[in-house]
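These notes are about the structure you will find just below.
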Amino acid sequence: MSPERTRQIDVMHLAPHPEQPSTGRSLRVPPPDRFAGAGTVEVSLAQARAWTLEHNLDIRVALFDPQIAGTAVSEEEAAFEALFFVDAGASTAQPERVETFRGELVPAASLDPGVTIPLRTGGSVTVHLPAAREASGVLPGSDRYWSDIELALSLPLARGGGRWFATHRIRLAALDVQITEAQTKLRIVRSLADVDRAYWIVHATAAILEIRQQQYEQALAQVQQAEARLQAGLGPEVEVVRAEAGLSRRLAAIIDADLDARDAQRTLKRVMNRPGLEVESPVRIVAAASPEAALRTVDPASMLEAAMQHRMELLELELQVARDAVRVDAARSGRLPLVLLEYRYRIGGSGRTPGRALDDLFDRGSDGMELGLRAEIPLGNEAAESTLRRALLARLQRLATRAAREQVIRSEVLGAVDTMEASWQRILAARQNVVLEARNYQAEQGQFRLGLRTSTEVLDAETRLADARIALADALATYEIAQVDLAHATGMLLGATRVAW
Numbered sequence: 000m001s002p003e004r005t006r007q008i009d010v011m012h013l014a015p016h017p018e019q020p021s022t023g024r025s026l027r028v029p030p031p032d033r034f035a036g037a038g039t040v041e042v043s044l045a046q047a048r049a050w051t052l053e054h055n056l057d058i059r060v061a062l063f064d065p066q067i068a069g070t071a072v073s074e075e076e077a078a079f080e081a082l083f084f085v086d087a088g089a090s091t092a093q094p095e096r097v098e099t100f101r102g103e104l105v106p107a108a109s110l111d112p113g114v115t116i117p118l119r120t121g122g123s124v125t126v127h128l129p130a131a132r133e134a135s136g137v138l139p140g141s142d143r144y145w146s147d148i149e150l151a152l153s154l155p156l157a158r159g160g161g162r163w164f165a166t167h168r169i170r171l172a173a174l175d176v177q178i179t180e181a182q183t184k185l186r187i188v189r190s191l192a193d194v195d196r197a198y199w200i201v202h203a204t205a206a207i208l209e210i211r212q213q214q215y216e217q218a219l220a221q222v223q224q225a226e227a228r229l230q231a232g233l234g235p236e237v238e239v240v241r242a243e244a245g246l247s248r249r250l251a252a253i254i255d256a257d258l259d260a261r262d263a264q265r266t267l268k269r270v271m272n273r274p275g276l277e278v279e280s281p282v283r284i285v286a287a288a289s290p291e292a293a294l295r296t297v298d299p300a301s302m303l304e305a306a307m308q309h310r311m312e313l314l315e316l317e318l319q320v321a322r323d324a325v326r327v328d329a330a331r332s333g334r335l336p337l338v339l340l341e342y343r344y345r346i347g348g349s350g351r352t353p354g355r356a357l358d359d360l361f362d363r364g365s366d367g368m369e370l371g372l373r374a375e376i377p378l379g380n381e382a383a384e385s386t387l388r389r390a391l392l393a394r395l396q397r398l399a400t401r402a403a404r405e406q407v408i409r410s411e412v413l414g415a416v417d418t419m420e421a422s423w424q425r426i427l428a429a430r431q432n433v434v435l436e437a438r439n440y441q442a443e444q445g446q447f448r449l450g451l452r453t454s455t456e457v458l459d460a461e462t463r464l465a466d467a468r469i470a471l472a473d474a475l476a477t478y479e480i481a482q483v484d485l486a487h488a489t490g491m492l493l494g495a496t497r498v499a500w
């Protein structure tokens, strides 16, 4: 890679448009539709969730984490696999087991194949077949051959001993897999909650854009009425100016609403990531589902109980507490002295040829055994004590973190319940406001035809009606999103669809 890519910042040049407008755009022409000529696709909420599970990039990335964590379990279990070894060598040193006539240095060769089997109790068993050739260096053909069978057992009795300690790294890796699965499930739940929110925002922004377009059409009709009254000599010219000023404001509102709608479309497309509906795709998504403005009964106590059971953050902390407990047990074992029980059993044979050495081994081979005990006792043991204290403190910190997390979750659940109830009250208030503002707008129009109201007053009434309709559309979408937030706060999904990954 070229160093300039990391050390130099390029400059972007924006060329002027070849057709520079000399005057402002006509108020009588609405802004161009960004989705004109492009296709539309109706998407249900269930389909949006399914596409998210299938194509969402964040979920794809998250699904690799449990598989990666699972390799650590296999790696720790591989520590108990048997090991085959071979030792071979040659030496000119005086063999200890041969007495020569003059005691001079003689050549020697050795071969020692064997198998070491780690035990899940912490020790190991080794079986090997050492063989050697030793030359006396005195007379030709006076070489001697040795062939043995040896069994060795090493078993820790204190520190590092016992199945619980020997396999604790496997348990830690298994807990890490469960922690990773909990984190992955949490990311999937968040992604599905995100697609639900994005879906209802698309529905709301589309409704608001439609209201803004209707508002523009009504303002255009007001301009035409003011011009008709002017031509008929029933109204002053200033009414036309006032109506056109109101039309200009509606034009700007359409532009803003269209920008919000396109942003919502891109967000939903990004979350779903379906082929054919990429972020840069001109296809317009139409939300097939409509908000269900129905009052839902919510019991805060049951919601809190459900959150304590289903929130993956709490499950993750529980698994981490269990992991800390394993570390504490391992640290306590580390405080013990090292006591090793070592047992060795050997059968030996020798002869002038390798064949005779083997015959001697199986016919009348001499055998013997060794039993030993080795102990190491630290005088201060400060390192092991510090390790144990650190493990205990980490566990206490995790328990305190769990209590704090539970408090945050309770606050989130209760806040979601309050938001849902407030959103329902907003729907009721917005509905009543739409009815009243519609009646007021009709009255102002009637007064304008009689010459008792100005265009400004009529457009103000129409603006209040449009704002009331927008508030109702926003309240309906907010109520649906509030239900999504409540389900997310309890660690669940809204609706009857079950999701397994």
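Numbering (numbering that gives the first Met the number 0), first residue to last: 0 to 500. Glycine residues also receive a C-beta, built at the ideal position from the N, C-alpha and C atoms.
- Per DSSP, reduced to three states, the secondary structure at GLY38 is coil, with no helix or strand assignment.
- Under the three-state reduction of DSSP output, ASP147 falls in the strand class.
- Within the segment 231–273, complete beta strand (DSSP E) segments of at least 3 residues are not found at all.
- The segment 308–361 is shown to contain whole alpha helix (DSSP H) runs of 4 or more residues at 311–333, in chain order.
- With a contact defined as Cβ atoms closer than 8 Å, THR386 and ALA330 qualify at about 5 Å.
- Per DSSP, the continuous beta strand (DSSP E) segment holding ASP111 begins and ends at 107–117.
- Below 8 Å, enough C-beta pairs join the segment 217–230 and the segment 455–462 to call them touching: three or more.
- DSSP links ALA87 through a beta bridge to LEU110.
- A direct Cα-to-Cα measurement between GLY275 and VAL114 gives close to 59 Å.
- In the DSSP assignment, GLU369 is bridged to ARG343.
- In the three-state reduction of the DSSP assignment, ILE376 falls in the coil class.
- Listed as beta-bridge partners of SER153 by DSSP are SER123, GLU341.
- DSSP places GLU133 within a strand segment (E or B) once states are collapsed to three.
- Taken atom to atom, the span from the alpha-carbon of LEU185 to that of TRP423 is near 28 Å.
- Straight-line spacing of the CA atoms in GLU312 and LEU337 works out to 40 Å.
- Under the criterion of beta carbons closer than 8 Å, ALA181 and GLU315 qualify as touching, at roughly 5 Å.
- In the displayed model, LEU208 falls within a helix according to three-state DSSP.
- Residue LEU171 holds the alpha-carbon nearest to the alpha-carbon of GLU74 among ALA131, LEU171, HIS127, ASP466.
- Between ASP484 and THR400, the C-beta spacing is not below 8 Å.
- The segment 239–251 makes no contact with the segment 260–270, as fewer than three CB pairs between them are under 8 Å.
- Across the structure, ARG310 and ALA403 are spaced so that their CA atoms are roughly 14 Å apart.
- For ILE426, the closest of VAL285, LEU191, GLU236, TYR478 by C-alpha to C-alpha distance is TYR478.
- Per DSSP, the continuous alpha helix (DSSP H) segment holding ARG48 begins and ends at 44–54.
- Burial is judged here by how many other beta carbons sit within 10 angstroms of a residue's own beta carbon; SER332 has at least 16 and is buried.
- A distance of 8 Å or more separates the beta carbons of ALA321 and HIS202.
- Cβ neighbours of ARG343 within its own chain (closer than 6 Å, five residues either side excluded): ALA151, GLU369.
- Scanning its chain for C-beta atoms nearer than 8 Å, with the 5 sequence neighbours on each side dropped, one finds around LEU372 the residues VAL338, LEU339, LEU340, GLU341, in chain order.
- In this structure PRO65 is buried. Its beta-carbon is surrounded by 16 or more other beta-carbon atoms within 10 angstroms.
- Distances from the alpha-carbon of GLU420 to those of VAL297, MET11, VAL126 put VAL297 closest.
- The shortest CA-to-CA distance from HIS127 to any of ALA488, ARG345, ALA45, VAL407 is the one to ARG345.
- The segment 208–218 makes contact with the segment 465–475, as at least three CB pairs between them are under 8 Å.
- Beta-bridge analysis with DSSP links ILE284 to VAL40.
- Within the same chain, ARG265, LYS268, ARG269 come within 7 Å of VAL278 by CB-CB distance, once the 5 residues on both sides are set aside.
- Between SER190 and ASN55, the gap from beta carbon to beta carbon is short of 8 Å.
- Separation of the CB atoms of THR204 and ASP255 is rounded to 11 Å, and the pair is thereby denied contact status at 8 Å.
- Under the three-state reduction of DSSP output, LEU82 falls in the strand class.
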